[in-house]
Every structure is written in C-alpha cells, then in structure tokens.
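Participant:
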Amino acid sequence: MKYIIDPHTHTIACNHAFSTLEENVQSAKQKGIELLCYTEHGPRMPYAPPDWYYEGLSLIPSDKFSVALIIGIEANILDENGSLDSFELPEHWFNFVIASMHKHTYQPYRPCEDTEALLAVLDNRNVDMLGHIDAPFFHIDYEPVIKKAAENNTLIEFNNASVHGVRKGGIGNMRQMATFCKKHDCMVALSSDAHICHNVGNFDDVLKILQEERFPQELIINTDINRFLAFLRENGKKV
Ligand SMILES: [Zn+2]
Ligand SMILES: [Zn+2]
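Here the working numbering is used: the first residue of the sequence shown is 825, the next is one more, and so on.
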C-alpha cells in the first residue's frame, strides 16, 4: 500500500525546524508523497512567526509546486475550554487545521482537564485532526475523545516523530488509540511532523505499530487524495 499524503510538516519559519518549504516539497516528491500539508505552529508557540506571516501563507500559489500543497496550521490548544490560538487568525487562511497540546502553550491545573480540553476542541468543526494525543505527559481518557472524533469527522493522528522525539514514551498510548479507533470506526492519519526535509513522508514507525495492532487499512486516510479532499470539504474547507 502506498501512503501518498503527509498531513503535518514544518519549516524554518517556526524557528525550531531546519528546512524551507521548497526543500520539503522536493523531499516529498523524491519519496513519492503526492500531497503535502504545510502546517506551521500557531502564533502562541514561543518564537512563532508574526501574524502577518500567516496572512502571507494564504497567498502562496499552492498549485505551482511539484506536489499538491495544502496550507494549514498546527494550532495550539490553550486551555480546558478548547480555545485555540488559530482563533486569532481568519479561518479561511487554512485548509487543514491540526489542534495539538504542547507543554509550552498548555499547562492544565488538573490532569482530567486534558480530556475536557480535547472534547471541547472537538466541538469546533473547523478542526480536522487532533495532533499527537499519544504524548506521555498528558493524561487522556482516549475512548470518549476518539468516539467524539469519529462522530465529528476529525482525524486522529499517528505521529511518527512521537516515536523518537521529545514525546517519546507514548507507544502504549498509541496502541490504546488504535484499539478505540477500530472500535468506533474513527479515521486516522499517519504523519511525519517533519522538522527537517529528510523526515518528510516518514511513517514507518507508526505504521509498524498499527500493523501489529491489525489496524484496518480502510481507516487510514493517507492512501487516497480524493478521499482526503472530500474529507476536508465535509469540514467546510475550500479545496
Ligand atoms: Zn506538535
Ligand atoms: Zn508539528
């Protein structure tokens, strides 16, 4: 099976990644990725670009690159009410919205608030994917979150960078996520979360976990561009 969509990547613009958009595109092309989402961190991430950078993103001619390009954002979940820092920017600038909890921008007072925050985020129909909820430093009750994600047309991410990077330690959580996604027919996306071009299109580690869990192929969205675009249109995106 070919996995031809990478829905989560970063560039030098966030100040903690190391490649340009063009370098990511070239790497994607070499690896057989046919659709790339550029999803820079939201404005509350320390050292994120200024507001007018995001406005500039909306002016990028996405059809001029050698792979299909979708401009999105990795919004920061800010609190237990599900507030996102992308609320500060016009929705129509982004055609793929990931909502993620990061230690730098989300500090809950009580562990149970992590689940409340994700359930609140899922009320926002503009969110297309929950990012790296495997992170071992949060305390998430996976079943209600995944059940609601399935009901609200929101993808659950299996983030390859989680396996080795700063969120290392969440493989057990990924196995739980796989179990509940199977149970509730929740669509998932494999992602590289690449912070350097060489990692674009790398899904091998999460794919291995899903294969070990005998995860159904039809719940993985990365294989069919038309299906991915139809999914986004269902969430109101103009793609
Ligand atoms: Zn993230
Ligand atoms: Zn990311």
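All residues carry an ideal CB built from backbone N, CA and C; glycine is no exception.
What is the DSSP secondary structure of L942, reduced to helix, strand or coil?
Facilitator: Looking at L942 - three-state DSSP - the assignment turns out to be helix.
Participant: May I have the straight-line CA-CA distance separating L943 from A852, to the nearest angstrom?
Facilitator: Each residue's alpha carbon lies about 33 Å from the other.
Participant: Quickly, what does DSSP pair M953 with across the bridge? List them, please.
Facilitator: The partner list for M953 (beta bridge, DSSP) reads I922 and L979.
Participant: To the nearest whole angstrom, what separates the beta carbons of S910 and I897, a pair I think is in contact under 8 Å?
Facilitator: With 8 Å as the limit, S910 and I897 qualify as a contact, their Cβ atoms being about 5 Å apart.
Participant: Going by alpha carbons, who is nearest to D947 out of G866, G906, P968 and E847?
Facilitator: The shortest Cα separation from D947 among G866, G906, P968 and E847 belongs to G906.
Participant: Compute every distance between the C-beta of E898 and the non-hydrogen atoms of ligand 2, then say whether any falls below 6 Å.
Facilitator: Checking every heavy atom of ligand 2 against the Cβ of E898, one is found closer than 6 Å.
Participant: Can you give the Cα-Cα distance for T929 and A1013, rounded to whole angstroms?
Facilitator: Their backbone Cα atoms lie some 24 Å apart in a straight line.
Participant: Would you kindly check if the distance between the Cβ of C838 and the Cβ of E879 is under 7 Å?
Facilitator: Result no, Cβ atoms of E879 and C838 do not sit closer than 7 Å.
Participant: Name, in chain order, the residues that DSSP records as bridge partners for D830.
Facilitator: For D830, which the question treats as bridged, DSSP gives the partners L860.
Participant: Measure the Cβ-Cβ separation of M1011 and L1043 and say whether it is below 7 Å.
Facilitator: Yes, the Cβ-Cβ distance between M1011 and L1043 is below 7 Å.
Participant: Between D830 and ligand 2, is the CB less than 6 Å from at least one heavy atom?
Facilitator: Incorrect: D830 has no Cβ contact closer than 6 Å to ligand 2.
Participant: Taking only beta-carbon atoms, is A841 less than 7 Å away from chain C?
Facilitator: This model lacks chain C altogether; it includes just one protein chain.
Participant: Indicate whether V945 and V891 have their beta-carbon atoms separated by less than 7 Å.
Facilitator: No, these two residues do not count as a Cβ contact at 7 Å.
Participant: Does the count of Cβ pairs from the stretch 915-929 and the stretch 869-884 closer than 8 Å reach three?
Facilitator: Yes, they touch.
Participant: So, using beta-carbon positions, are K987 and N950 closer together than 7 Å?
Facilitator: For clarity, residue 987 is Val in the given sequence; the question names Lys instead. Going by C-beta atoms, V987 is not nearer than 7 Å to N950.
Participant: If you follow the alpha helix (DSSP H) that S851 is in, where does it begin and where does it stop?
Facilitator: Taken as a continuous stretch (DSSP letters only), the alpha helix (DSSP H) holding S851 covers L845 to Q854.
Participant: Measuring alpha carbon to alpha carbon, tell me which of H956, R999 and L979 ends up nearest G989.
Facilitator: Checked all of H956, R999 and L979; the closest Cα to G989 is H956.
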